[in-house]
DNA sequence: CGGTGTGAAGTAGTTCACAGCC
DNA sequence: GGCTGTGAACTACTTCACACCG
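Chains as they are written, first to last, in my numbering: chain A, 1 to 251; chain B, 252 to 502.
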């Protein structure tokens, strides 16, 4: 999964578990597909399969929202789409700004999945004056100087950061100062934000590293390559978890 | 957090909890930064702050890898960098292919964070013959026809899918058939794969939807807009979780 | 002392299995 | 008969708090 989060750990919003919230968009996507094919109802089993989870989990998840199904029948597709959309807050319009219009920022600006879910790209912002004017995804790129004005004029509360790592914290602070309270961070840095501001992090290289970990396991335990980095100083014993770390790197 | 995962739930790789694995790249990044500033040792407290977690969690995480710290002192930065890299399998070279060179694929191809961690982009693949030859990030884009040959010639075991949703499952199947066993999926679809293949999913719009959920809470419970979608038929009672769902949408 | 390493306690999330309703 | 909704059991993860060691 994409990863990281920074959350007030108390006040778990109105009793819906975080893990459930994270799956609602998945259900919503599956339901939307069914809706487009004019399927009137689904069972938890079918919907779970489409969303890639098991049916007990799905039923438990829905039970936090209310009793929206019909025993012996299943769930009404249109009705559930509406309920989940409302729960997620997608029945309203969310203006977002994207800061940092490099390759990734441009990809985000062009990404159709935003508009289709109540998210509206209110502005594209970049620090490079040379980009100003050049349209990306049919919108003009505006200069960072305008950031505060754009945020307040448009009532933006969600910001996307796709700048280089070095610029991210500073951009974050300006966004927050201007009134943004939710941030989606693509820059490979830990952002620090005041309480009350949510940060979600998407980190491409972290995802690959997690895959590499599992991939390595599949390949079987090969001998580790020689250990180039000695420890602080001579030590007596290093206990590896269960017997790797041959005899190479410590002592 | 980026999201989704598809894992053999048994065989939790050699006893390192999945949640810990997901944080190792974070620690590694923080350690690398310290290493570049030639800091010789860190305490769990300092490192935890840099990685954005609490120190108890960090110490527990490291305890799964082995006893790599020194009581009263902290952790040797270089040594830990090596241990975590090795644990994650980053001491070896991982050739990856990126399939689907649209905006996002191009962004990924240009992303520096891959190369710096043992990941090498072995090929860029796209279905559009018009793209063949046009270099992206200094590499030629190759046609999908070559996919199988590229995978086996380069011994690729990790594939990145950044195609449109409609093409993703088919691409996935070809990758798997050709020998790929780990997939990072950016397409907004649930991929189905045989056992033994890992899929991680990064979904931009899901992350925004999760933010919107929390954002909505902060704004306070406003009246929900009128409910445009009636349920299956007239019903007696709908119990919302604790008293929303005014009187509008059911019955 | 100071800071790691870790059992024990606490909390969150998942799965089971079945009562209850359509 | 079929399928939802949910307590109860279980598993995973986190946090506490302190023994132990450099």
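Ideal placement from N, C-alpha and C gives every residue a C-beta, glycine not left out.
Distance from the CA of residue 59 of chain A to the CA of residue 42 of chain A, rounded to the nearest whole angstrom, comes to 12 Å. Below the 8 Å Cβ cutoff, chain B contributes 253, 435, 451, 453 as neighbours of residue 207 of chain A, in chain order. Ranking A:205, A:114, A:65 by CA distance to the CA of residue 24 of chain A puts A:65 first.
Using beta-carbon distances, residue 103 of chain A counts as an interface residue toward chain B, with a partner under 8 Å. Residue 401 of chain B and residue 438 of chain B do not touch by the CB rule: their CB atoms are close to 19 Å apart, not below 8 Å. In the same chain as residue 448 of chain B, and ignoring 5 residues on each side of it, the C-beta atoms closer than 6 Å to its own belong to 427, 432, in chain order. For residue 169 of chain A, the enclosing alpha helix (DSSP H) begins and ends at 165-178. Ranked by Cα distance from residue 32 of chain A, the first of A:45, A:20, A:17, A:50 is A:50.
Fewer than three beta-carbon pairs drawn from the stretch 323-330 of chain B and the stretch 76-84 of chain A are found closer than 8 Å, and the two stretches are therefore not classed as touching. Counting only residues of its own chain and dropping the five nearest sequence neighbours on each side, residue 344 of chain B has a CB closer than 7 Å to the CB of 369, 371. Contact check for residue 364 of chain B and residue 205 of chain A: beta-carbon distance about 4 Å, within the 8 Å limit, so the pair qualifies. In its chain, beyond the 5 residues on either side, 161, 183, 191, 193 have a beta carbon closer than 7 Å to the beta carbon of residue 172 of chain A. If you check the CB distance, residue 210 of chain A and residue 272 of chain B come in under 8 Å. Annotated as distal: residue 169 of chain A and residue 144 of chain A, with beta-carbon spacing of 8 Å or more. Less than 8 Å divides the Cβ of residue 278 of chain B from the Cβ of residue 298 of chain B.
Using a CB distance cut-off of 8 Å, residue 59 of chain A does not count as an interface residue toward chain B. In this structure, the alpha-carbon of residue 377 of chain B lies about 22 Å from that of residue 136 of chain A. Residue 464 of chain B belongs to the set of residues whose beta carbon lies under 8 Å from a beta carbon in chain A. Note on the stretch 255-323 of chain B: whole alpha helix (DSSP H) runs with a minimum of 4 residues are 269-287, 295-302, 306-316, in chain order.
Taking the Cβ atoms as the reference, residue 348 of chain B lies roughly 5 Å from residue 407 of chain B, within the contact range of under 8 Å.
Counting only Cβ-Cβ distances below 7 Å, residue 181 of chain A has contacts in chain B at 466, 469, in chain order. Where residue 403 of chain B is concerned, the enclosing alpha helix (DSSP H) starts and stops at 398-405. Annotation for residue 178 of chain A: 147, 148, 151, 152 place their beta carbon closer than 7 Å to its own, counting only its chain and skipping 5 residues before and after. Our two residues, residue 203 of chain A and residue 163 of chain A, have alpha carbons roughly 13 Å apart in a direct line. Residue 27 of chain A has a beta carbon lying at 8 Å or more from every beta carbon in chain B. Closest option to residue 285 of chain B, judged by alpha-carbon separation, among B:384, B:329, B:366: B:329. With distances taken between CA atoms, residue 45 of chain A lies nearest to A:62 out of A:37, A:62, A:195, A:36. 157, 158: these are the residues of the stretch 151-162 of chain A whose beta carbon lies less than 7 Å from some beta carbon of chain B, given in chain order. In this structure, residue 464 of chain B places its C-beta atom within 8 Å of the C-beta atom of residue 89 of chain A.
The Cβ atoms of residue 346 of chain B and residue 373 of chain B lie closer than 8 Å to each other.
Put simply, the backbone Cα of residue 436 of chain B is about 10 Å away from that of residue 416 of chain B. With a threshold of 16 other beta carbon atoms within 10 Å, residue 452 of chain B meets it and is buried. When the beta-carbon positions are compared, residue 106 of chain A and residue 139 of chain A stay at least 8 Å from each other. Residue 337 of chain B is classed as buried because its beta carbon has at least 16 other beta carbons within 10 Å across all chains shown.
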